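Some notes on the structure that comes next.
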Amino acid sequence: MLRMLSRQNARRQFREYLLFYVTLTCLSAAMYAFFSLMFSEPVTSLPDMEILPWMIAAATGFLIFLIGWIVGYMIRYMLKRRSREFALYMLSGITSRGLGALVSLENLRIGLIAFLSGILPGLLFAQLLEAVLLHMFGLPYALHFGLSPAALFPAFLSFALMLLYAGRKNRRWIRRATLREMLDYDRQNETSPVVGSAASVAVFFLSLLACAAGFLLLTNRPFGQGYDILLGTVCLILFVTGFFLSVPAFLVRRFENRTDWKYAKHRLIAFRGFTAKIHSTSIVMGMLSALFLLSVTFAGIGITVNLMVTEQFNAGVFDLMILHEGELSDFSRYENLIRRDYPLTGYSYGIYTDGRTDFLSVYDQVVLKTGRALRRPWVESAWDPCIRQSDYQKLRALLHYEPVTLSPSLCYVHCLPALKKDVEALIRQDANLHYGEFSFAKEGVFTEPFSQMNDYGNGAGYLLIIPDEAAAGLRVLYSVYAGVTDAPLQTDALSQIASDCGLTPLDRSTGTATPTGAPTAFTVKNTDYLSGRWMDKAELHYLYSIVICLFYLAVLLEIIGAAVLSTQVLSDRQAKKQQERILRQLGMSEGLIRRQRNRQLSFLFLFPLLPAAAASFCYVYVCAMQIRRSFLALPAAPDLLMVLCAYVTALALFSLLYALYYAAVRISSGR
Amino acid sequence: MTAAYQPLLTVEHIEKYYGSPGAVTKALRDISFDVEEGEFISIMGASGSGKTTLLNLISTVDTVSAGHILLNGRDITAISDDEIAAFRRDSLGFVFQEFNLLDTLTLEENIALPLTLQELPPRETDRRVRDIAARLTICEALKKFPSQVSGGQKQRCAFARAVVCRPKLILADEPTGSLDSGSSRILLELMSDYHRDPGATILMVTHDAFCASYAQRILFLKDGRIFNEIIKGEKTRSTFYHEILDVLSLLGGDAPC
Numbered sequence: 001m002l003r004m005l006s007r008q009n010a011r012r013q014f015r016e017y018l019l020f021y022v023t024l025t026c027l028s029a030a031m032y033a034f035f036s037l038m039f040s041e042p043v044t045s046l047p048d049m050e051i052l053p054w055m056i057a058a059a060t061g062f063l064i065f066l067i068g069w070i071v072g073y074m075i076r077y078m079l080k081r082r083s084r085e086f087a088l089y090m091l092s093g094i095t096s097r098g099l100g101a102l103v104s105l106e107n108l109r110i111g112l113i114a115f116l117s118g119i120l121p122g123l124l125f126a127q128l129l130e131a132v133l134l135h136m137f138g139l140p141y142a143l144h145f146g147l148s149p150a151a152l153f154p155a156f157l158s159f160a161l162m163l164l165y166a167g168r169k170n171r172r173w174i175r176r177a178t179l180r181e182m183l184d185y186d187r188q189n190e191t192s193p194v195v196g197s198a199a200s201v202a203v204f205f206l207s208l209l210a211c212a213a214g215f216l217l218l219t220n221r222p223f224g225q226g227y228d229i230l231l232g233t234v235c236l237i238l239f240v241t242g243f244f245l246s247v248p249a250f251l252v253r254r255f256e257n258r259t260d261w262k263y264a265k266h267r268l269i270a271f272r273g274f275t276a277k278i279h280s281t282s283i284v285m286g287m288l289s290a291l292f293l294l295s296v297t298f299a300g301i302g303i304t305v306n307l308m309v310t311e312q313f314n315a316g317v318f319d320l321m322i323l324h325e326g327e328l329s330d331f332s333r334y335e336n337l338i339r340r341d342y343p344l345t346g347y348s349y350g351i352y353t354d355g356r357t358d359f360l361s362v363y364d365q366v367v368l369k370t371g372r373a374l375r376r377p378w379v380e381s382a383w384d385p386c387i388r389q390s391d392y393q394k395l396r397a398l399l400h401y402e403p404v405t406l407s408p409s410l411c412y413v414h415c416l417p418a419l420k421k422d423v424e425a426l427i428r429q430d431a432n433l434h435y436g437e438f439s440f441a442k443e444g445v446f447t448e449p450f451s452q453m454n455d456y457g458n459g460a461g462y463l464l465i466i467p468d469e470a471a472a473g474l475r476v477l478y479s480v481y482a483g484v485t486d487a488p489l490q491t492d493a494l495s496q497i498a499s500d501c502g503l504t505p506l507d508r509s510t511g512t513a514t515p516t517g518a519p520t521a522f523t524v525k526n527t528d529y530l531s532g533r534w535m536d537k538a539e540l541h542y543l544y545s546i547v548i549c550l551f552y553l554a555v556l557l558e559i560i561g562a563a564v565l566s567t568q569v570l571s572d573r574q575a576k577k578q579q580e581r582i583l584r585q586l587g588m589s590e591g592l593i594r595r596q597r598n599r600q601l602s603f604l605f606l607f608p609l610l611p612a613a614a615a616s617f618c619y620v621y622v623c624a625m626q627i628r629r630s631f632l633a634l635p636a637a638p639d640l641l642m643v644l645c646a647y648v649t650a651l652a653l654f655s656l657l658y659a660l661y662y663a664a665v666r667i668s669s670g671r
Numbered sequence: 672m673t674a675a676y677q678p679l680l681t682v683e684h685i686e687k688y689y690g691s692p693g694a695v696t697k698a699l700r701d702i703s704f705d706v707e708e709g710e711f712i713s714i715m716g717a718s719g720s721g722k723t724t725l726l727n728l729i730s731t732v733d734t735v736s737a738g739h740i741l742l743n744g745r746d747i748t749a750i751s752d753d754e755i756a757a758f759r760r761d762s763l764g765f766v767f768q769e770f771n772l773l774d775t776l777t778l779e780e781n782i783a784l785p786l787t788l789q790e791l792p793p794r795e796t797d798r799r800v801r802d803i804a805a806r807l808t809i810c811e812a813l814k815k816f817p818s819q820v821s822g823g824q825k826q827r828c829a830f831a832r833a834v835v836c837r838p839k840l841i842l843a844d845e846p847t848g849s850l851d852s853g854s855s856r857i858l859l860e861l862m863s864d865y866h867r868d869p870g871a872t873i874l875m876v877t878h879d880a881f882c883a884s885y886a887q888r889i890l891f892l893k894d895g896r897i898f899n900e901i902i903k904g905e906k907t908r909s910t911f912y913h914e915i916l917d918v919l920s921l922l923g924g925d926a927p928c
């Protein structure tokens with residue numbers, strides 16, 4: 001009997017449950033897609049991705065409880081709206097225990113259908129994720145479909161756990177509710193009207209002050225040692241709490257008596273409707289704002305990491321570099337061996353120094369200016385590195401760069417764009433700046449990508465281009481073979497080359513101390529090192545696990561937040577219909593009613609998002625800056641620009657999914 | 672040459688059917704009557720007699736199956752959907768049994784709402800709201816929300832909203848249905864007063880004889896037809912009330928209130 005009733009109810013209330021069903025379907029699709037990624041063969045064969053399953057599993061564990069709690073809230077909200085229906089069941093003799101079982105059956109039925117419905121979009125989403133991930137690794141992607149039983153099981157288990165956790169509290173509520181409570185629930189739920197008190201104005205402005213303080217603390221970090229982050233976070237929490245509690249009353253206080261404003265341009269209905277709604281849902285709005293904050297922050301940090309890896313990769317232009325310490329070396333043996341398997345064009349040259357540090361001090365100043373700590377990681381970076389003009393021209397030709405005319409009596413500089421202004425200033429200001437007997441060309445600073453981001457390559461951030469005759473007699477820091485291949489070199493290819501040629505992959509994360517106290521990456525003596533942009537990228541592969549996990553969290557948090565918001569917005573559909581009926585009777589045109597409805601809807605969707613967007617910018621800024629300053633000795637692109645880029649991209653991706661929910665609610669409320 | 676006589680409202684042979692072919696319910700059958708400008712007319716009848724259907728047709732909430740309704744000579748059964756909203760806004764005022772106030776607006780804002788729809792300057796809106804509130808003695812409740820005031824104050828607010836635009840015709844559907852006797856009396860006195868000055872035309876649907884006794888003329892509906900019509904004339908309200916009860920006893924159906 002109960003089973004039949006639950007089936008009928010699930011079918012009858014499908015439209016009412018549509019949003020809940022769509023949300024569960026999205027969650028199921030996302031869970032399946034990320035689990036599928038964990039078990040996908042192309043992904044599992046990627047290097048340095050061993051940590052990915054653990055990170056996804058940990059994130060899922062966290063999400064089961066968080067999302068379970070929020071889904072539980074959604075279910076409870078919908079159930080309470082059906083309290084009169086439940087009261088009728090109770091009057092018909094169904095016990096509260098039976099009612100609990102009925103509701104559980106309904107939810108399980110909807111959950112099961114939603115999970116199954118989520119598989120197909122999950123398959124598509126998994127393909128998209130796989131394509132993006134393989135693209136990050138520079139690997140080709142081939143479209144393939146097939147259900148992954150290995151992914152299906154953990155996805156189903158996580159989904160079922162989440163749903164059971166969500167239903168637990170609701171079953172308890174139904175079992176404990178009395179017939180009287182069920183009948184009177186609507187009346188109990190009437191909210192008091194918004195009253196604009198003077199205190200609300202004070203709280204509102206204090207919350208804005210807390211927001212500004214939090215922003216300043218997080219972005220300027222005046223105290224250091226993490227105290228400012230802690231205090232900044234406290235300020236932002238105070239901001240979000242104070243903002244959502246005070247804003248309805250503040251708006252009422254501010255505009256209630258301004259008849260010129262509220263009676264003009266049909267503002268009255270939208271203004272009062274909006275303030276009433278946010279007054280009755282201020283706690284939920286605050287919670288949603290927190291969810292959106294986390295979602296945008298996670299996505300922003302993920303994008304920062306991805307952009308940083310791409311930035312570093314793009315700054316390295318030579319696919320393959322072989323380094324030999326201390327003297328000029330003949331690399332033809334390696335070249336021949338590599339060419340057997342990989343078409344390669346390359347050139348050997350030397351990096352020299354005369355022990356001067358004129359440009360190094362400029363480099364140091366710029367590093368300090370970007371907020372980074374000064375560090376001199378490698379002993380070979382302790383002096384200004386130089387290259388012969390002829391070698392430089394050959395390398396430019398190898399990279400198909402526009403040819404430049406170099407005067408044999410002048411010196412030039414090739415550096416990262418971040419250094420250009422200061423290097424030019426040094427050349428302009430110091431008339432006595434010479435390299436040997438050669439002065440520097442006034443307009444002679446080049447900034448194309450030139451494998452200068454990492455410390456071994458064409459200098460750490462900059463390289464002086466000196467006349468060939470000036471190089472005679474200079475000390476060779478290391479000699480380099482720089483090559484360009486026809487196709488990308490994957491990790492297995494790099495391993496094969498290293499093994500065939502007896503080369504040691506350059507590991508920048510380890511070093512040995514030198515007599516001067518500076519560490520060096522050349523940890524093994526009498527060996528040649530393999531480097532290049534593909535090696536650089538392979539070094540950072542482990543970061544992709546973090547990126548994927550952050551996106552997993554961001555997507556699921558957004559889905560659930562947007563779903564709760566949509567449920568809230570649609571919850572008073574009956575009251576809105578009644579209001580629109582009255583407005584029609586009063587002579588409001590259909591067009592104006594529609595505009596009012598849409599305006600209010602837009603306000604409600606923007607309301608929790610705006611504080612979240614402001615606060616998440618602080619966190620993205622802090623985290624992204626910290627990550628960039630730790631990873632990049634000197635950035636190829638300005639830090640702030642890249643952080644803004646990451647933040648805007650995160651917000652744009654967030655808005656895409658958010659807009660889907662907005663459109664769904666708009667269509668639904670317009671029916 | 673004198674202008675041709677034209678009543679404010681003319682209802683001509685209207686009919687209203689519901690249902691599908693083969694199962695037609697005739698809610699109204701060949702109803703015709705006129706309402707003069709400045710008249711206070713009441714429509715009475717038992718439940719299901721067609722009172723509210725008739726009101727819905729006059730207020731353009733529903734459409735006629737046959738016949739015409741003319742307001743100031745203009746056939747409102749033939750106006751387009753776009754014109755209906757403007758017609759309701761400019762020509763009609765409504766008072767309902769359930770007040771139909773917007774919960775999220777204060778009483779002051781509820782009264783101002785039709786004026787904002789007419790896009791009156793905010794200052795003029797405010798002035799008119801205060802004037803009508805003073806006349807209907809709800810000034811002290813203007814800043815309150817509907818949930819914070821009594822039923823009587825709500826209905827006075829609803830009446831203020833109905834008349835604040837100075838409509839040609841005020842339509843009232845069981846306006847005292849949700850009020851206690853004291854509040855009903857106050858509302859009816861106010862409606863009567865408003866009918867005298869500035870001479871508002873009121874069409875009230877009710878099944879309450881006491882309420883109807885405030886009208887000048889009463890049309891009785893039975894099974895969708897006009898069954899009887901009585902006019903107050905120079906009679907006292909008490910006499911008229913007893914006359915209404917007599918007609919109702921002939922009418923049958925609901926027990927008179």
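Heads up: the protein sequence lines correspond to chains Z and W, in order.
Be aware that the first sequence starts at 1, since it is given in my numbering, and climbs by one per residue.
Be aware that the second sequence starts at 672, since it is given in my numbering, and climbs by one per residue.
Glycine is no exception: its CB is placed at the ideal position from the N, C-alpha and C atoms.
Treat the numbers as computed from the prediction; the structure is a model and nothing was measured.
Please confirm whether residue i has its beta-carbon closer than 7 Å to some beta-carbon of chain Z.
| i | result |
| --- | --- |
| Pro-838/W | no |
| Phe-765/W | yes |
Compare the C-beta of residue i against all C-beta atoms of chain W and say whether one is closer than 7 Å.
| i | result |
| --- | --- |
| Lys-588/Z | In the sequence on display, residue 588/Z carries Met and not Lys. At least one chain W Cβ lies under 7 Å of Met-588/Z. |
| Arg-594/Z | no |
| Arg-272/Z | yes |
| Asp-260/Z | yes |
| Ile-582/Z | yes |
Excluding the 5 residues flanking residue i on each side, which residues of the same chain have their C-beta closer than 7 Å to its C-beta?
| i | result |
| --- | --- |
| Asn-189/Z | Unreliable positioning characterises Asn-189/Z in this predicted model, as indicated by a pLDDT of 48, which lies under 50. The coordinate reading is nonetheless provided below. Answer for Asn-189/Z: no residue qualifies. |
| Ile-857/W | Gly-823 |
| Leu-251/Z | Thr-275 |
| Tyr-363/Z | Leu-419, Gly-461 and Tyr-462 |
Taking all protein chains shown into account, do 16 or more other C-beta atoms lie within 10 angstroms of the C-beta of residue i, making it buried, or fewer, making it exposed?
| i | result |
| --- | --- |
| Phe-292/Z | buried |
| Ile-387/Z | buried |
| Pro-467/Z | buried |
| Gln-596/Z | buried |
| Pro-793/W | buried |
| Leu-477/Z | buried |
| Lys-262/Z | buried |
Can you tell me where the beta strand (DSSP E) holding residue i begins and where it ends?
| i | result |
| --- | --- |
| Ile-351/Z | 344-353 |
| Ile-712/W | 711-716 |
| Leu-892/W | 888-893 |
| Tyr-619/Z | Looking at the DSSP string, Tyr-619/Z is not in any beta strand (DSSP E); the run it does join, the alpha helix (DSSP H), is 609-631. |
Cutting at 8 Å between CB atoms, please list the residues of its own chain near residue i, excluding the five before and the five after it.
| i | result |
| --- | --- |
| His-144/Z | Gln-127 |
| Leu-657/Z | Val-555, Glu-558, Ile-559 and Ala-562 |
| Thr-281/Z | Gln-568 |
| Ser-655/Z | none |
In the DSSP assignment, find the unbroken alpha helix (DSSP H) run with residue i in it and report its ends.
| i | result |
| --- | --- |
| Leu-128/Z | 96-136 |
| Asn-899/W | Premise fails: Asn-899/W lies in the beta strand (DSSP E), 896-902, not in any alpha helix (DSSP H). |
| His-684/W | Unbroken run through His-684/W is the beta strand (DSSP E), 680-691; no alpha helix (DSSP H). |
Since residue i and residue j should fall inside the 8 Å C-beta cutoff, what is the C-beta to C-beta distance between them, to a whole number of angstroms?
| i | j | result |
| --- | --- | --- |
| Pro-611/Z | Ser-246/Z | Actually they are not in contact, since the Cβ atoms of Pro-611/Z and Ser-246/Z sit about 12 Å apart, beyond 8 Å. |
| Leu-586/Z | Pro-785/W | 5 Å |
| Arg-175/Z | Gly-100/Z | 5 Å |
For residue i, collect the residues of the same chain with a Cβ closer than 6 Å to its Cβ; drop the 5 residues on either side in sequence, then sort them by chain order.
| i | result |
| --- | --- |
| Lys-320/Z | Looking at the sequence itself, residue 320/Z is Leu, so the reference to Lys does not match. Closer than 6 Å at Cβ, skipping near neighbours: Gly-483 and Gly-532. |
| Asn-458/Z | Phe-450, Ser-451 and Gln-452 |
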